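Working notes, structure below.
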Amino acid sequence: MSLLKVENLSYSYNKGTSMEKNAVKNASFEIEQGDFIGIIGHTGSGKSTLIQHFNGLIRPDSGRIYINGEDIWASKERLHQIRFIVGLVFQYPEYQLFEETVYKDIAFGPGNMGLGKEEIDARVREAADFAGVHPEYLESSPFDLSGGQKRRAAIAGVIAMRPQILVLDEPAAGLDPHGRDRIFERIKNYHKKTGSTVVLVSHSMEDIARYAKKVLVMNQGGIETFDTVENVFSKAERLLEIGLEVPMITRVFMALRARGIDVPPDVYTVDYGRSEILKLLEREGIKHA
Amino acid sequence: MQESAILKTEDLKFRYNRGEEPADAPWKFVLDGISIEIERGSFVAVLGHNGSGKSTLAKHFNAILLPESGKVYVEDIDTADESRLFDIRRAVGMVFQNPDNQLVATVIEEDVAFAPENMGIESKEIRQRVDDALKSVGMYEYREQSPAQLSGGQKQRVAIAGIIAMRPDCIVMDEPTSMLDPRGRREVLGTIETLRGRYGITVVLITHYMNEAAMADRLLVMNEGKIILDGKPLEVFQNIDLIKSIGLDVPQSVELIHKLNREGLNLRTDILSADDCADAIAEYFLKNRPASGCKGAAYMRVLK
Numbered sequence: 001m002s003l004l005k006v007e008n009l010s011y012s013y014n015k016g017t018s019m020e021k022n023a024v025k026n027a028s029f030e031i032e033q034g035d036f037i038g039i040i041g042h043t044g045s046g047k048s049t050l051i052q053h054f055n056g057l058i059r060p061d062s063g064r065i066y067i068n069g070e071d072i073w074a075s076k077e078r079l080h081q082i083r084f085i086v087g088l089v090f091q092y093p094e095y096q097l098f099e100e101t102v103y104k105d106i107a108f109g110p111g112n113m114g115l116g117k118e119e120i121d122a123r124v125r126e127a128a129d130f131a132g133v134h135p136e137y138l139e140s141s142p143f144d145l146s147g148g149q150k151r152r153a154a155i156a157g158v159i160a161m162r163p164q165i166l167v168l169d170e171p172a173a174g175l176d177p178h179g180r181d182r183i184f185e186r187i188k189n190y191h192k193k194t195g196s197t198v199v200l201v202s203h204s205m206e207d208i209a210r211y212a213k214k215v216l217v218m219n220q221g222g223i224e225t226f227d228t229v230e231n232v233f234s235k236a237e238r239l240l241e242i243g244l245e246v247p248m249i250t251r252v253f254m255a256l257r258a259r260g261i262d263v264p265p266d267v268y269t270v271d272y273g274r275s276e277i278l279k280l281l282e283r284e285g286i287k288h289a
Numbered sequence: 290m291q292e293s294a295i296l297k298t299e300d301l302k303f304r305y306n307r308g309e310e311p312a313d314a315p316w317k318f319v320l321d322g323i324s325i326e327i328e329r330g331s332f333v334a335v336l337g338h339n340g341s342g343k344s345t346l347a348k349h350f351n352a353i354l355l356p357e358s359g360k361v362y363v364e365d366i367d368t369a370d371e372s373r374l375f376d377i378r379r380a381v382g383m384v385f386q387n388p389d390n391q392l393v394a395t396v397i398e399e400d401v402a403f404a405p406e407n408m409g410i411e412s413k414e415i416r417q418r419v420d421d422a423l424k425s426v427g428m429y430e431y432r433e434q435s436p437a438q439l440s441g442g443q444k445q446r447v448a449i450a451g452i453i454a455m456r457p458d459c460i461v462m463d464e465p466t467s468m469l470d471p472r473g474r475r476e477v478l479g480t481i482e483t484l485r486g487r488y489g490i491t492v493v494l495i496t497h498y499m500n501e502a503a504m505a506d507r508l509l510v511m512n513e514g515k516i517i518l519d520g521k522p523l524e525v526f527q528n529i530d531l532i533k534s535i536g537l538d539v540p541q542s543v544e545l546i547h548k549l550n551r552e553g554l555n556l557r558t559d560i561l562s563a564d565d566c567a568d569a570i571a572e573y574f575l576k577n578r579p580a581s582g583c584k585g586a587a588y589m590r591v592l593k
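For the protein sequence lines, the chains are A and B, in the order given.
For the first sequence, position 148 matches number 148 in this note's numbering, and the numbering has no gaps at all.
With positions in the second sequence counted from 1, the corresponding number in this note's numbering is that position plus 289.
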């Protein structure tokens, strides 16, 4: 049984008006426990609409969503539980901080779960640690933190609910490379240590390539492909066609193939690229120091 | 001053909230002795991580901020000369990060007309400037719509049109794409290219994306309030270790060549684009293949 199963899901905005837009069209896929999934797609491809279905923020027009085999819309009680099982981190989550202290903000989710004070405390500290919020900031006002710190505090607030699935929509938007790497390293470490499932929505193919194991590509509301990182990037031409960027290294290897050099089509990291060139030198009997 | 310099700084130093710090612990300079000249008509990118001082530097170019010590000149005007503020602001237009904070009117063409109106330009001339500016950013068809319905990239293009309509000599963009998706980013970068071709305008682009910085004629890298690298992007990106040590990236093409050369290859390093990188590698294969018995050297077929 898969952790999350989406079956023939469709959803339109502004139904019955001239502005009607079919945002998600007949999507079906399954996510397993422990997966690290990247979701990519151009703006308006339906990524954000799709993930808001995962915890029942949007009710599909047709189709079903199952978590641990149960239809999330089966009952109201069930839906309430789902909000704690699927943790959603929106874009620019720092705008949603509202409590007097960082501690209270992180504790808000677990508090809603009806947990005891000690349990909440343990979860707040654990989540702060995962997200990289230094303990000394827990008693500060969230508004005194820097942009990057605020964002990590907001992510901690979702992690504190110990969701089985952590869904992050563009967690690195607007951050510089250093801030971006810090956030992603934290998420990677969280995934590794807890074994929980992570779904990462991003425009950056370079980030997806670096962190995800499987990639779900959306195009015009439909699922274009859902496959391993290698297989997805081996279709780089198609990705470019549907308005996505591929990592620069992938374009280098596309250009090498266009020049008749026999390198694989699925190169998506610099280190992989380097080892493929070295392998080819060996095959061709070209010596290098 | 060099004849062609449109912007110039001399040992520029700056701190925020000066005077509020404890007497025994003076605050660090956000700008710590910047001396640069920016040539008229050039496209200069300033790359640095958050807190490096790059946005603070940008704000000195049209007197939003004034130096604590040292000088900033815009077309030979000292920015500390308050009586010339109008001339400075007319010479240098600024575009900021957040597209939602820069549009003031409810109709796009009115927004673009805002600055020329304030400059007291006659209405016929304004009409022409607005149309021309909107066409040059590719937003003319939207002129009668509300900015609220636009995408982030479109909003930034309207903000740029508003600056263009002032006919400034220089446009300073402070991370204009950092809140945009790849499509919006491409739109804005394409607009920069168009403006350069059409008006020969000087562009200063503040960014933390190295692929944007790579488009410029000249690249300045900032760290801790100082300019640590200055040159053509191609030359600057050769300093991989230094750039990485301050938390920035280099293009993957440059990194690949560098890593292969560490393995003992001697690929040429004067590359930046994916195509140039592939050429350098293909040339190496061609040059170094064994004289005979080269099995399946299909790579020869494209390179002449």
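Where a beta carbon is used, it is the ideal one built from N, C-alpha and C, also for glycine.
For clarity, every value in this text was computed on a predicted model and none was experimentally measured.
**Request:** Just the chain A side, please: which residues come within less than 7 Å of B/Leu554 by C-beta, in chain order?
**Result:** Residue numbering aside, residue 554 of chain B sits at position 265 when the second sequence is read from its first letter. Going along chain A in sequence order, the residues near B/Leu554 (Cβ under 7 Å) are His288.
**Asked** Would the beta-carbon of A/Val158 be found less than 6 Å away from any heavy atom of the ligand FMN?
**Response** Of ligands this structure carries none, so the ligand FMN is not represented either.
**Message:** Please tell me whether B/Ala571 has its Cβ less than 7 Å away from any Cβ of chain A.
**Reply:** Indexing the second sequence from 1 puts residue 571 of chain B at position 282. Yes, contact with chain A.
**Prompt:** Which residues of chain A have a Cβ atom closer than 8 Å to the Cβ of B/Leu549, listed in chain order?
**Reply:** Reading the second sequence from its first residue, position 260 is the one you call residue 549 of chain B. By Cβ distance, chain A contributes Arg274, Ile277, Leu278.
**Asked** Since A/Met248 contacts B/Ala563 with CB under 8 Å, what's their CB separation in whole angstroms?
**Response** Residue 248 of chain A sits at position 248 when you count from the first residue of the first sequence. Residue 563 of chain B sits at position 274 when you count from the first residue of the second sequence. Rounded, the Cβ-Cβ distance is 6 Å, consistent with contact.
**Prompt:** Around the C-beta of A/Gly41, are 16 or more other C-beta atoms found within 10 angstroms, so that it is buried, or is it exposed?
**Reply:** For this step, residue 41 of chain A is matched to residue 41 along the first sequence. Classification for A/Gly41: buried.
**Asked** Would you call the CB atoms of B/Pro436 and B/Leu484 closer than 7 Å?
**Response** Taking the second sequence and counting its residues from 1, the one referred to as residue 436 of chain B is at position 147. Taking the second sequence and counting its residues from 1, the one referred to as residue 484 of chain B is at position 195. For the pair B/Pro436 and B/Leu484, the CB atoms are not nearer than the 7 Å cut-off.
**Item:** Enclosing alpha helix (DSSP H) for B/Glu371 [first to last residue]
**Value:** In the second sequence, counting from the first residue as 1, residue 371 of chain B sits at position 82. Here B/Glu371 belongs to no alpha helix (DSSP H), and DSSP marks it neither H nor E.
**Prompt:** According to the Cβ coordinates, are B/Arg418 and B/Ala454 closer than 7 Å?
**Reply:** Counted from its first residue, the second sequence places residue 418 of chain B at position 129. Counted from its first residue, the second sequence places residue 454 of chain B at position 165. Yes, the Cβ-Cβ distance between B/Arg418 and B/Ala454 is below 7 Å.
**Prompt:** Helix or strand or just coil, what does DSSP make of A/Thr250?
**Reply:** By one-based count along the first sequence, residue 250 of chain A stands at place 250. Note: A/Thr250 maps to helix in three-state DSSP.
**Prompt:** Taking Cβ positions only, does A/Glu20 come closer than 7 Å to chain B?
**Reply:** Indexing the first sequence from 1 puts residue 20 of chain A at position 20. No, no contact with chain B.
**Request:** For the region 477 to 512 of chain B, list the alpha helix (DSSP H) runs that are entirely contained and at least 4 residues long, ordered along the chain.
**Result:** 499 to 502
**Item:** Of the listed residues B/Lys317, B/Glu364, B/Gly322, nearest to B/Gly330 (C-alpha basis)
**Value:** Here residue 330 of chain B is taken as the residue at index 41 of the second sequence, counted from 1. Out of B/Lys317, B/Glu364, B/Gly322, B/Glu364 has the C-alpha closest to the C-alpha of B/Gly330.
**Request:** Within 10 angstroms of the Cβ of A/Pro171, are there 16 or more other Cβ atoms? Answer buried if so, exposed if not.
**Result:** Walking along the first sequence from the start, residue 171 of chain A turns up at place 171. With 16 or more Cβ atoms within 10 Å of its Cβ, A/Pro171 is classed as buried.
**Item:** Cα-Cα separation, B/Tyr588 to A/Gly222
**Value:** Residue numbering aside, residue 588 of chain B sits at position 299 when the second sequence is read from its first letter. Residue numbering aside, residue 222 of chain A sits at position 222 when the first sequence is read from its first letter. The predicted model places B/Tyr588 with a pLDDT of 49, which falls under 50 and marks its position as unreliable; any figure quoted below should be read in that light. Within the model, the alpha-carbon separation for B/Tyr588 versus A/Gly222 is close to 38 Å.
**Asked** With A/Leu50 and A/Ala27 assumed to form a contact (beta carbons below 8 Å), what rounded beta-carbon distance in angstroms separates them?
**Response** Here residue 50 of chain A refers to the residue found at position 50 of the first sequence. Here residue 27 of chain A refers to the residue found at position 27 of the first sequence. The Cβ separation is near 7 Å, so the contact holds.
**Asked** Skipping 5 residues on each side, what residues in its chain have a beta carbon closer than 6 Å to that of A/Leu168?
**Response** The sequence position of residue 168 of chain A within the first sequence is 168, counting from 1. So the list reads Val89, Leu200, once near-sequence residues are dropped.
**Asked** Does the region 419 to 435 of chain B touch the region 523 to 538 of chain B, meaning 3 or more C-beta pairs lie closer than 8 Å?
**Response** no
**Three or more C-beta pairs below 8 Å linking the region 480 to 498 of chain B and the region 454 to 469 of chain B** = The answer is yes - the region 454 to 469 of chain B touches the region 480 to 498 of chain B, with three or more Cβ pairs under 8 Å.
**Asked** Between which two residues does the beta strand (DSSP E) carrying B/Lys515 extend?
**Response** Position 226 of the second sequence holds residue 515 of chain B. Counting along the chain, the beta strand (DSSP E) containing B/Lys515 begins and ends at 515 to 520.
**Asked** Can you name the residues of chain A whose CB is closer than 7 Å to the CB of B/Thr545?
**Response** On the second sequence, residue 545 of chain B is found 256 positions in, with the first residue counted as 1. In the sequence on display, residue 545 of chain B carries Leu and not Thr. The contact set of B/Leu545 on chain A, defined by CB atoms closer than 7 Å, consists of Ile249, Val252, Val270, Gly273, Arg274 in chain order.
**Asked** Which first and last residues belong to the beta strand (DSSP E) in which A/Val89 is found?
**Response** Here residue 89 of chain A corresponds to residue number 89 of the first sequence, with the count starting at 1. Counting along the chain, the beta strand (DSSP E) containing A/Val89 begins and ends at 86 to 89.
**Asked** How long is the line joining the alpha carbons of B/Asp370 and B/Ile377, rounded to whole angstroms?
**Response** Position 81 of the second sequence, counted from the first residue, corresponds to residue 370 of chain B. Position 88 of the second sequence, counted from the first residue, corresponds to residue 377 of chain B. Straight through space, the alpha carbons of B/Ile377 and B/Asp370 are spaced by roughly 10 Å.
**Asked** For the beta strand (DSSP E) that A/Ala27 lies in, which residues bound it at each end?
**Response** Within the first sequence, numbered from 1, the residue matching residue 27 of chain A stands at position 27. Start and end: 21 to 31.
**Item:** 8 Å Cβ shell around B/Glu406 - same chain, five flanking residues per side excluded
**Value:** Taking the first residue of the second sequence as 1, we reach residue 406 of chain B at position 117. So the qualifying residues of the chain are Ile415.
**Message:** Please classify A/Lys214 as buried or exposed, where buried requires at least 16 other C-beta atoms within 10 Å of its C-beta.
**Reply:** For this step, residue 214 of chain A is matched to residue 214 along the first sequence. Buried: at least 16 other Cβ atoms inside 10 Å.
**Message:** Taking 8 Å as the cut-off, does the region 396 to 404 of chain B touch the region 326 to 343 of chain B (at least 3 CB pairs, one atom from each stretch)?
**Reply:** no
**Message:** I want to verify the contact list: residues of chain A whose CB lies under 9 Å from the CB of B/Leu537, in sequence order.
**Reply:** Here residue 537 of chain B refers to the residue found at position 248 of the second sequence. Within chain A, the residues near B/Leu537 are Asp176, Pro177, His178.
**Prompt:** Just to confirm, are B/Leu596 and B/Ala450 a CB contact at a threshold of 7 Å?
**Reply:** In the structure as shown, chain B begins at 290 and stops at 593. Residue 596 of chain B is therefore absent and cannot be evaluated.
**Message:** Quick check on A/Thr43 - is its C-beta less than 7 Å from some C-beta in chain B?
**Reply:** What you label residue 43 of chain A is simply residue 43 of the first sequence in a count that begins at 1. Interface flag for A/Thr43 against chain B is set, since a Cβ pair is found closer than 7 Å.
**Request:** Taking only the alpha-carbon atoms, compute the straight-line gap between B/Val591 and B/Ile570 and give it to the nearest angstrom.
**Result:** Position 302 of the second sequence, counting from 1, holds the residue named residue 591 of chain B. Position 281 of the second sequence, counting from 1, holds the residue named residue 570 of chain B. Because B/Val591 carries a pLDDT of 46, less than 50, the predicted location of this residue cannot be relied on, and no value is offered for it.
**Request:** Rounded to whole angstroms, what's the CA-CA distance from A/Val133 to A/Glu139? Just pull it up for me.
**Result:** If you number the first sequence from 1, residue 133 of chain A lands on position 133. If you number the first sequence from 1, residue 139 of chain A lands on position 139. About 11 Å.
**Message:** Please report whether the beta-carbon of B/Ser412 lies at a distance below 7 Å from any beta-carbon of chain A.
**Reply:** Sequence index remark: in the second sequence, residue 412 of chain B carries index 123 (1-based). No, its Cβ sits nowhere closer than 7 Å to a Cβ of chain A.
**Prompt:** Residue range of the beta strand (DSSP E) that B/Ile295 falls in?
**Reply:** Start at 1 with the first residue of the second sequence, and residue 295 of chain B comes out as number 6. Run containing B/Ile295: 294 to 303, per the beta strand (DSSP E) assignment.
**Asked** Quick one: is A/His80 buried, meaning 16 or more other Cβ sit within 10 Å of its Cβ, or exposed?
**Response** Here the question's residue 80 of chain A lines up with position 80 in the first sequence. The residue is exposed, with fewer than 16 neighbouring Cβ atoms inside 10 Å.
**Message:** I need the straight-line Cα distance from A/Val246 to B/Asn577, nearest angstrom please.
**Reply:** Looking up residue 246 of chain A in the first sequence gives position 246. Looking up residue 577 of chain B in the second sequence gives position 288. Spanning the two alpha carbons is a distance of roughly 30 Å.
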